[in-house]
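To keep things clear, I will list the structure first and then write my remarks on it.
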Amino acid sequence: MTKIWTNSGDSHFLEPDDLWQSRLPKRLAELTPRAEKDPMGNGKPCTSTVRSLGASCRPQRW
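Just so you know, UniProt numbering puts 30 at position 30 of the sequence shown, and the rest follows in order with no gaps.
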């Protein structure tokens, strides 16, 4: 029997929290997805974007 290599299309990766902010010029880094503290203060990271209507949770300033 021939083995077939497969990869799940629903795989998840954990990128560093500062993936984009540490690698782009400041003017662009401010527009990228980033990890922020949960508005409830429980320390869970929340990914958000400045120009996105959808985010996994919204910072309090929104």
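We put the CB at the ideal spot given by N, CA and C, even for glycine. No experiment lies behind these values; they were computed from the predicted model shown.
Practice task
Compute the Euclidean distance between the alpha carbons of residue 3 and residue 14, then round it to the nearest angstrom.
Solution key: 29 angstroms
Handout entry: Beta-bridge partners of residue 23, as assigned by DSSP
Key = Paired residue(s): none; residue 23 is not in a bridge.
Problem - Alpha-carbon to alpha-carbon, residue 5 and residue 54 - result: With a pLDDT of 48 at residue 54, under the threshold of 50, the modelled position of this residue cannot be trusted; read the value that follows with caution. If I take the Cα positions, the gap works out to 34 angstroms.
Exercise for the section: Compute the Euclidean distance between the alpha carbons of residue 34 and residue 8, then round it to the nearest angstrom. Expected result: 25 angstroms
Handout entry: For residue 39 and residue 20, the rounded distance between their alpha carbons
Key = 22 angstroms
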